[in-house]
């Protein structure tokens, strides 16, 4: 049998759950002993291997080719067992990847009969053969050992005492072995099975992705099988010893396949290390055995086998290529996902097949070993005796317990010489090694000479020690010793632990043995039976004494002195008899329950019907019991402790109060000392007698104005309205959030309501105190209400804030019970109709379309009038027009027959009582100062009109050039007719009955969304008496709706009635049924703009806040007071880059955005740059730049918007290179320029240090802090810069559109390489700190709109209206007031025209015309007039108007333009000839206009190279003035004094960037009067209100000058054109200059006038139309 090769078998298993889940395919095929593996990626790439056995276990046992566990054992196990009986060493080991079935093949499933593995079957078959042997001369003995190799460490799986790692040693004769490895003798298969089961439980397994119970260690099960044959003839016993090694290797694995992490990964690394070493050993052995023809020298080098590289290969050295018969079983996985691992296993097995082992029969190994060992011992002894250490031998043998010498008693007498012997050993060379070898050899001899009985006794002793150790740990074993666990004994009294965690309770058992059981700590002086640890456990804590008496076995607990021991919650100090179920607490934390099975059984027998206690006896029960028993003491202790704490707190508080009082006294004394020092430095001035103030003598007009101002101040409402909006915003948000969550089609928003003629406040919206305060209030009240938009019913309601809160409470209740209320549409609609739903209100069928007003002034004369009045909604929108006729009739006049289409009503009698009307007048908010001649336009503003221009309507809506003229002229429509009025009031004598007729003719232009239209009208103070028409169907197209409703009204003339028809109108209200849903869903566009919707305009860059300064100290901004003056700034921004020539050239700017003041800088990466800023403005005494304090750059981003809430760490303060004034050629404006170096790399930003990707842009914010004369703090100019970075070598030029822009020769490309910014600087005086109004504005009001409410995230960004609502409401009121003024003016013009026509006609013809006009279609009749009858009146009126216009022109033009006004207003303009225009007066007039005060030069000079200069006072031309020279000198002296005061005044500067309007009102070319050449220069002008932007040409991209229309006056005069002999001219006058402009034709001029000032253009057109109508009549 020598020289046999390793038997190799392969076995493929079925799919596991993991492979089935991944739908794997089988890649293993077996035919006989040939195994083929298929590559799943390349089907033709198959590899075949031949082995001794190929087992197909992939299918079920029903398959004819299926290889079962028994077949594997018969082929391999039986053969190996036969070799063992022959005396050979045998080894079987299984190899394969994780989860391939190694452990199943070796061990199998022991509890299933047909699935046992090779190891149990071999062991069972071994003892079967023992029993079947009939030869009496043969005797057998079996020893087993079971170890595992885990992470290159060896553990004994059968001995619980060997918890540590065992050493692997190598003996010269026996080879490698494991020191102190337990070898247990067994006599039957059951013993082996029990030991195997115990070892398997202690083996290390874990779960991986490939196997739930993966073997994480190599297991080696050794069976030492000894056969003894007794030869009677020779009386000699021969032995054969066979060592059967059954090895279950850990699975080879890949970390990515098994999902190994942490400990699993470390285990896998060690497993792979040992398996790799095993592979190297197999490969080396295969190379040795398969290469006989190789070179001997090379073979000698390669014959080294690396056994020692791994513990596994070291221990299996004899089994691999040594004295052993070896078989290998390779376990395979059939899945394609494990192709690489399976192929590696097959190659592994193929290599192992080539190994040859030289096995020999182990005959009488003991005799041979004993002899050789004895020789070794004698040799070592001789060596020690030769070194003089012979006396150590006996001592060493006595210490190890294996001394062959019987004289052990002599050891004690020489024990004191051990130290000296140790010293001798240390100084003897080689002695320590010899002694160690001697110990090792004698230990092996003792094991070999040990008899079989001694080995059995030692095995039993080890078992007893194991059980005792487990018993000490509180773990019991059954009597058979087979199963380990916690069992409650049936007779022995014991303690069971109770723990706070129920899962840890009753897990430990402590037996109370017969006699005394001691309880204490492990470090006690005597051994304790029950060892405890922790606080309050004494070294010897207590004893349990178990004794048998007449009452049976009793247990007595006796605590030791000072030990805390509690029984049933009571502290015991004396011996106590325990009963079953008692709770025992040892120390503070150890809780036990005493169980006595015999007592408990006897108790149950005595009282079989005892009820189970209601509360379980657990840890909590024991603790409560302890607290109950100790409660009185604990309570007293707690009270005592509390009293101590109170006393300590009281003492500390008194000490703190004393210390605080002492500090207060110290500070007061210091303050008094400081006050005395201050008083000594600044003595109080003597009290001066106050001079009595002289009483100011006011005129009646001034007194009325003062009273009006005082009343206006009392009705100031801006702050209170804002407080209401901010304070109630949270309720509005909550209502909207609940509405969205409950899917109510209702949305809520704040609205301001003011009591006006077009929008009277309903009584239910007025607060309770409004009626009491109404008599004291002289201005209309504005209230904050809630607009409820009912999208479901198309209705709009208004709630008070109090009603909103009341409804909100109901909404919350509905929200809370929303889950219980079924969603029933019918019930919901009923709730809406009945008002049960808090979200809805009852809505009327008809909705108010709008109101119209018809004045009755024509009844004074009387003349009939047909009015066409606008129907205006509450928001100021014109919804349509209404035609109404009003005429006076006689009392007995019968109504003519109008036909079937006219609806006639009877005569209604109405009484005008003076008291009722006077009460109405006193309550009306529109009384004010109207009778004293003050315009009523102040009443349309809630507050602050005129004091703060920012809060009123902007200059886009209203231009104030015609306000002064219109106020006086439209003061009373009857002022010019006061003369004939007295003669026309005969029909209105007090007491007479006056009858007049109101005819509602037609309604037109009403939207089709109102289906049924009807109209009702009433007197303004008689809401209860209204006259209504019949409703008409409205289609929205076709002819107007004809009401033709005639109503006669008879009134007894009273003083109040006459006053009414003079001043008050009749109110017409038009109603309609609304049939369209107008509202959008909530959260899409809730806040719709009040102004008409316009087209989408280009997006403008947002205006950023200033970048914080880094060098300047943070200063608190002083409170700004009234504005002193304002200036418009035009700022040029340039970024210059360093060229190769060494000059800094402005970088190219792309102006393709199309918007003014915008542009993108095209920059090169990596160049040095400078930022140049030039400020241009009109020269003025208040504007004087002193220095540039700091220029900072920050907020780098790639989006136009900047998040200003984040602190920017990359703010860079630039180094200022130069700063000062420059003076370009041909310019009289002020230019201030400064330049700074900018190193973009200092920002450390990727946006600036790389080439900008295509389609992206970089943005930054630049802020300049400038110091101004007479200003308390720096002024800040901020601009957002847009940039695109290109590579350094890129040659940039202007884009194609920019090339076209500068295609002309007059403009250079460099002039366009800058970006313009338009700013408005305000110099404000300091606010007075003590002003009550200022204090009220400073108070802090909590803005609740930012507070979170539940469901706010569903509102998708919706916000309650706030301050902007107040400004929008001002605009609404302004619009309503303007509409009211328009109606008054139309009525006045219509009445005047009618009176002019009727003065030439008789009364009879007038009546006839009126009747015909009403019966047919009322049209104004044109009647020829005779001018002679009224020529004197008209001429006088025209004279008054001419004088008024002259005063207005003289007053409105500034001083520099007054010469033109005076010359244009002379009465003899027509007599001026061409020669007079050429004389000196006219020339001086032109010079006065042009050189210094008209448009600035637009041809830019090279001011970049101008020298910096200090600003000098600019000489201004003095215009001729009507004042005398003395008056001029006096004024100059006064001005000089005021200038001196201004120089010492300190202002608060505020610079705001103007957002460019996207709306272009007009653009084109205009001619400017050039100051240098006295000729006209053509410039391109774009009007974006309120600014006019002036360019050189249409292609110019940079603004050259600006005009602010909000602070300028536009003047047009035909006399001026006649004087200058220049048609189509008009003038624009600012505070600093006057500019004369010329259009190309008359239409262009009027278009430009309309763009500059729409009101002025409308006035001019009205005058021209009236002039043409007069010429036609003449």
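Residue numbers (this note's numbering): 702 to 2375. We put the CB at the ideal spot given by N, CA and C, even for glycine.
Residue from the options with nearest C-alpha to residue i
i, options, result
"residue 1277", "1890, 1257, 1290, 1293", "1257"
"residue 1759", "1559, 1883, 1904", "1559"
"residue 1452", "1466, 855, 2339", "1466"
"residue 2055", "1439, 1918, 2303, 2268", "1439"
"residue 884", "1714, 874, 921", "921"
"residue 880", "869, 1868, 1147", "869"
"residue 720", "731, 831, 801, 744", "801"
Inter-residue CB distance, residue i and residue j (contact presumed, cutoff 8 angstroms)
i, j, result
"residue 1961", "residue 1977", "Contact flag wrong, Cβ pair sits at about 16 angstroms."
"residue 1261", "residue 1291", "That pair is no contact at about 15 angstroms."
"residue 2267", "residue 2352", "In fact, because the Cβ distance is near 11 angstroms, the residues do not count as touching under 8 angstroms."
"residue 1449", "residue 1433", "5 angstroms"
"residue 1054", "residue 709", "4 angstroms"
"residue 1556", "residue 2333", "Wrong, their Cβ atoms sit about 44 angstroms apart, outside the cutoff."
N- and C-terminal bounds of the beta strand (DSSP E) containing residue i
i, result
"residue 1896", "1886-1898"
"residue 2303", "2302-2305"
"residue 1912", "Counting along the chain, residue 1912 falls outside any beta strand (DSSP E), and DSSP gives it neither H nor E."
"residue 1198", "1195-1199"
Where the alpha helix (DSSP H) containing residue i begins and where it ends
i, result
"residue 1418", "No alpha helix (DSSP H) holds residue 1418; DSSP gives it neither H nor E."
"residue 828", "819-833"
"residue 1762", "1756-1764"
"residue 2295", "Note, residue 2295: premise wrong, no alpha helix (DSSP H); not H, not E."
"residue 2277", "Note, residue 2277: premise wrong, no alpha helix (DSSP H); beta strand (DSSP E) at 2277-2285."
"residue 903", "890-903"
Between the CA atoms of residue j and residue i - distance to the nearest angstrom
i, j, result
"residue 1422", "residue 1484", "8 angstroms"
"residue 2015", "residue 2300", "10 angstroms"
"residue 1445", "residue 1729", "36 angstroms"
"residue 864", "residue 750", "44 angstroms"
"residue 2190", "residue 1905", "For residue 2190, the pLDDT reaches just 34, beneath the cut-off of 50, and the residue's location in the model is therefore unreliable, although a value from the coordinates is still provided. If you take the alpha carbons of residue 2190 and residue 1905, they lie about 48 angstroms apart."
"residue 2357", "residue 2311", "8 angstroms"
"residue 2280", "residue 1547", "57 angstroms"
"residue 1858", "residue 1443", "49 angstroms"
"residue 1837", "residue 1827", "31 angstroms"
"residue 2100", "residue 1689", "20 angstroms"
"residue 793", "residue 1042", "22 angstroms"
"residue 2210", "residue 1926", "Note that residue 2210 has pLDDT 37, beneath the 50 cutoff, so the model's placement of it is unreliable and no number is given."
"residue 1631", "residue 2320", "Since pLDDT at residue 1631 reaches only 34, below the 50 mark, its modelled position is unreliable, and the value read off the structure follows with that caveat. Cα to Cα, the separation comes out at about 41 angstroms."
"residue 1201", "residue 1209", "14 angstroms"
Residue i CB to nearest heavy atom of the ligand FMN below 7 angstroms
i, result
"residue 1946", "As for the ligand FMN, it is missing from this structure, which has no ligand bound."
Cβ-Cβ distance between residue i and residue j below 8 angstroms
i, j, result
"residue 823", "residue 778", "yes"
"residue 785", "residue 972", "no"
"residue 1702", "residue 1744", "yes"
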